[in-house]
Each structure stands twice: as C-alpha cells, then as structure tokens.
Amino acid sequence: MLINSLGLKNFKCFEELDVKFAPITLLTGANSSGKSSLINAILAVLQTEQFPYFLSPNGQYANLGSYHEMAKRNSKEEVFEINISFNKTYEINIKSVWMAANNDLPFIVSLYFKDTWLELSYRLEDEVHRVDFKLKFNRFFHETPEEIQKRLSETDGIVNFTLEHHDTSSVEVSNLLFKYDLHPVDVIYKVEKITGNDISEYFRDLKYNGKFDFNYIGSFRLPPSRTYYRQSKPDFKLEVSGEGYVDQIIDWEESESDEYQSLISITSQLGLFQDVKSAKFKSGRFELNVKTHKKSKHVALNDVGFGISQFLPIIVADLQLSNESCLAVSQPEIHLHPKVQAQFGNYLVNQIKHTQKQYIIETHSEYLINRIRLLLVTGELKPEDVCVLYFENDGIKSTVHPIEFTTKGAVKGAPQGFFDTYEMDVMDIAMHAIG
C-alpha cells in the first residue's frame, strides 16, 4: 500500500492541508509545528479496521483522545475532514467528513469513495440519507437493468431513487434516499450489498503474502533488556515503541530466513554491527548479542551504544514489509551517530529502487537531509522520488511548505529558518576566527 496524498481540514493544528507523498517524504520543522499531527491522521485511518465507516482515534498506532481533541481548537467549524488517496493494486480515493457523536467520538456525516469500479458519494441531510453512485461492471459483477431495479426496490429503508443510466458496462443511480432513522453505517452497508462492493475491506487486513503493508515506529523506543522471554504471538508485528523486534530477529535467525541475512547485510553497510545472534539460557530466557567489528567478540545488545538498539527496530520493521508497502518513522536519528544518520539516506534510496517501498520520515536530522541533497546531485536519486515538507506554526495554525532540492544542490521554496543553524554557526566561527 502506497499513500499518494492526504488532505485535512479543521484537524488538530491544521485549518487546511493538502500534501502529496513521494517514495521518500521527509517531514521537518520545529517542535510542535504539525509533523506528528500529519502522521497521526494517517495512523488514525490505518488503525481503523472499518474505515471509512468509523474512525478510531485510539488504537494500535496512536492515541488521539476524543473528537474534540482531534478537531482544531477555537474553530467555528463543527466538523473535520480527512481525505486520503492510496494505491493497493489500484488507486483508491476517500474523502470523509466527521462530527462529534454523543460519546465524543467521530461520526461520519459525508463520504466520497472512488476506485476502479465504484464511485460513491454519501451525505447526511436534514431528513434523509442521500447516496449517489456509479458502478462499472466486471466479470465478477454484472446485472441487467431489471436486476438492479429489483435489488433497489427490495432494499429496506429506501424512500426514493433514480436509475440515471444503464448499459452493458455500467450503471448510475442518483438521489438514492434512505430513511433518516437509519445509522449512516447501515445505509452504506445496504449500498454495498446493492453494488457488490466492500469499501472497508482495504483496511481490515494490511497484510500481503505473509508480509505487512504498513509499519510505524514512533520516536519513543524502548531501551534494550539484558535478557528476553520469547513471546507466543501469531505474528511479530512490531509495536510503535519497537517492542517485538528481538522476537522477530530470533525467529528469522532460527528459520535461517532471507530477512535474517538481509538484516546482517544492512546493519553492516550502515556501520552499526557486523553480526547478530541469540543465546538461549536454561531458564528459557534469551540474550541478543551483536558483533560491532570483524575482530571483536559478540556482546549483549545492552552493552553496546544505545543508538544501535534505538535504530534496530526501524530496520526490522522495514524488513517485515512487502514490496510496494509503506514505513513511517518518527525521528530515526535519536542517539544515532551523524555518519549513520547520513547513511540512512543511502539506505532509503536503495530500498525505493529495489523494493518500490515508500518512506514517510519525521526528522530533525540535517545529516539525513543533506545526504538526500547529495544523492540528488550525484544522480542516485531522482527529484520526483523525494518530497520535503517543512512545517511552521504561528501559535494559531500550522502551515506546510513544500521544499524543492534541485540536482544542482540548490534549495527552493524554503522559508527563513529552514536548517540554517549549522550554516550560521559555521559563518560565526569563521568570522570570529578571522577577527
């Protein structure tokens, strides 16, 4: 699953936001400028199994609280919008409008959905639920005008409809009105039965051929333990904190999987360590040991630099993903040496070339950003494969500035304050040295 675009209105710190994503998208800017709010909007969608019928503020990836904690403060609007476009074998566009329910959770009041076969709009009006849809037929679903008419007439709760158009390839229905006392979700379920489409199926199983479609690793990652007990789980999908990465590594090691060999190769190229292996004790506990240099011995993960254990979950989370999937990470640079921060840029570029994955990275790392600039200059990265979004907040709302890096090394569209601390300090040092 690749995320194409995201639109927000009256959500968290944004009055309005409309951004497009590239294979590598870097989110940067000052603290509390809106970077996490953008990611949290995506996480809220992806942790909701029945999106877009429901929206779960609190779940596997994020805890956003209630409706009023999601809606922009001091806004005159009574609703917020989340619009998202993504590819999962084909492009899907969803526009959704939410208001507060009695339990202070989001309640759907308007929906637009479009994929290859179905275009549907729903909105809650004063006294009715209104639906319009256009359905393209395929070899799995094809009905005559009479069958469509009969299906509509036999559906409980419909008070009116107009069969606008029907031929051998498609059918179009407008002014499909349902009784007001129905729940919006019940209305959309009924339309699904009429059209033979299950809109929410795309979010119920973010897994493909035993691998995941999406992973997220947050900025707070658990410190390593001296030893571990194995966890008995049906899968080892990592938690936002990175928890579970040791179990996954041991499982790969025991099965001698390709992922285990890839992990060793990647960490060696990044300069983290040369080898990793587990040791089992009689008590049933395990220890994860790494070899930081070719001539050194294996030592416990707990006894090497803290940055290794903070960064390792990110690589494990990435290796869990299938091709054409998405990894989102907040602040991968935490406790990481500048050289590895820069090398992470090379890693990302290599991955998008060979796996067609997508990366959404929230970062403050000048080393990572400058390495991306360098890879553009050297031709190893194409301009269309990277997007840099710079966030600013004026105390009332957040604004996003798309930044362009050219193949000549220039920076275009950057507001004042975009990563200028390093350059200014260097100039001050030079001036004082001359003086």
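Take any residue in the sequence shown, count from 1 to its spot, add 32: that is its number in the working numbering.
Even glycine gets a Cβ: it sits at the ideal position worked out from N, Cα and C.
Can you pull the DSSP bridge partners for residue i?
{"i": "residue 425", "result": "430"}
{"i": "residue 90", "result": "95"}
{"i": "residue 419", "result": "57"}
{"i": "residue 83", "result": "Residue 83 pairs with nothing; no bridge assigned."}
{"i": "residue 435", "result": "420"}
{"i": "residue 123", "result": "119"}
{"i": "residue 246", "result": "358"}
{"i": "residue 260", "result": "318"}
{"i": "residue 466", "result": "Beta-bridge pairing links residue 466 to no other residue."}
{"i": "residue 391", "result": "56, 359"}
{"i": "residue 103", "result": "43"}
{"i": "residue 218", "result": "DSSP output for residue 218 lists no bridge partner at all."}
{"i": "residue 50", "result": "39"}
{"i": "residue 114", "result": "40, 128"}
Compute the Euclidean distance between the alpha carbons of residue i and residue j, then round it to the nearest angstrom.
{"i": "residue 109", "j": "residue 160", "result": "22 Å"}
{"i": "residue 197", "j": "residue 41", "result": "34 Å"}
{"i": "residue 111", "j": "residue 88", "result": "16 Å"}
{"i": "residue 278", "j": "residue 306", "result": "17 Å"}
{"i": "residue 192", "j": "residue 416", "result": "48 Å"}
{"i": "residue 120", "j": "residue 216", "result": "26 Å"}
{"i": "residue 224", "j": "residue 361", "result": "35 Å"}
{"i": "residue 167", "j": "residue 340", "result": "52 Å"}
{"i": "residue 195", "j": "residue 113", "result": "30 Å"}
{"i": "residue 101", "j": "residue 132", "result": "11 Å"}
{"i": "residue 144", "j": "residue 381", "result": "35 Å"}
{"i": "residue 115", "j": "residue 413", "result": "29 Å"}
{"i": "residue 64", "j": "residue 58", "result": "16 Å"}
{"i": "residue 122", "j": "residue 50", "result": "21 Å"}
{"i": "residue 129", "j": "residue 43", "result": "11 Å"}
{"i": "residue 299", "j": "residue 286", "result": "19 Å"}
{"i": "residue 106", "j": "residue 427", "result": "12 Å"}
{"i": "residue 388", "j": "residue 176", "result": "41 Å"}
{"i": "residue 35", "j": "residue 209", "result": "33 Å"}
{"i": "residue 310", "j": "residue 38", "result": "41 Å"}
{"i": "residue 126", "j": "residue 316", "result": "48 Å"}
{"i": "residue 206", "j": "residue 179", "result": "17 Å"}
{"i": "residue 288", "j": "residue 329", "result": "21 Å"}
{"i": "residue 338", "j": "residue 366", "result": "9 Å"}
{"i": "residue 302", "j": "residue 359", "result": "18 Å"}
{"i": "residue 290", "j": "residue 386", "result": "15 Å"}
{"i": "residue 419", "j": "residue 97", "result": "30 Å"}
{"i": "residue 494", "j": "residue 275", "result": "Residue 494 falls outside the range modelled here, since the chain spans only 33 to 467, and no answer is possible."}
{"i": "residue 264", "j": "residue 246", "result": "22 Å"}
{"i": "residue 33", "j": "residue 256", "result": "31 Å"}
{"i": "residue 204", "j": "residue 117", "result": "23 Å"}
{"i": "residue 304", "j": "residue 324", "result": "7 Å"}
{"i": "residue 146", "j": "residue 48", "result": "22 Å"}
Going by beta carbon distance, what residues of the same chain come within less than 8 Å of residue i, once the five residues before and after it are set aside?
{"i": "residue 295", "result": "281, 284, 308, 347, 348, 351"}
{"i": "residue 443", "result": "405, 435, 436, 437, 450"}
{"i": "residue 244", "result": "238, 269, 352, 353, 354, 357"}
{"i": "residue 187", "result": "222, 225, 226"}
{"i": "residue 439", "result": "408, 409, 411, 415"}
Going by beta carbon distance, what residues of the same chain come within less than 7 Å of residue i, once the five residues before and after it are set aside?
{"i": "residue 46", "result": "40, 66, 69, 104, 429, 430"}
{"i": "residue 273", "result": "250, 252, 253, 254"}
{"i": "residue 240", "result": "Any answer about residue 240 is weak, because its pLDDT of 49 lies below 50 and its placement is not dependable; what the coordinates show is given next. Here the set comprises 354."}
{"i": "residue 94", "result": "72, 75, 76, 79"}
{"i": "residue 344", "result": "277"}
{"i": "residue 61", "result": "67, 422, 423, 424"}
{"i": "residue 364", "result": "343, 346, 376, 393, 395"}
{"i": "residue 150", "result": "165, 167, 227, 229"}
{"i": "residue 445", "result": "433, 434, 435, 436"}
For residue i, which residues of its own chain have a beta-carbon under 6 Å away from its beta-carbon, when the five flanking residues on both sides are left out?
{"i": "residue 212", "result": "159, 160"}
{"i": "residue 258", "result": "334"}
{"i": "residue 155", "result": "142, 162"}
{"i": "residue 153", "result": "144, 164"}
{"i": "residue 82", "result": "232"}
{"i": "residue 183", "result": "226"}
For residue i, would you say it is in contact with chain D, using Cβ-to-Cβ distances shorter than 8 Å as the test?
{"i": "residue 139", "result": "Going by chain labels, chain D is absent from the structure shown, which holds only one protein chain."}
Cβ contact (3+ pairs, closer than 8 Å) linking the region 363-375 and the region 386-398: Touching, per the Cβ criterion.
Entirely enclosed beta strand (DSSP E) segments - the region 130-209, minimum 3 residues: Restricting attention to beta strand (DSSP E) runs no shorter than 3 residues, the region 130-209 encloses them at 138-146, 150-156, 160-168, 190-198, ordered along the chain.
Cβ pair count under 8 Å reaching 3, the region 135-145 against the region 80-96: Cβ pair count under 8 Å is three or more, so yes.
Runs of beta strand (DSSP E) wholly within the region 343-386 (minimum 3 residues, chain order): Runs of the beta strand (DSSP E) inside the region 343-386: 353-362.
Contiguous alpha helix (DSSP H) assignments of at least 4 residues, all confined to the region 276-349: Along the region 276-349, the alpha helix (DSSP H) occurs as fully enclosed runs of 4 or more residues at 277-287, 290-302, listed in sequence order.
Three CB pairs or more closer than 8 Å across the region 331-339 and the region 315-322: Short answer: they touch.
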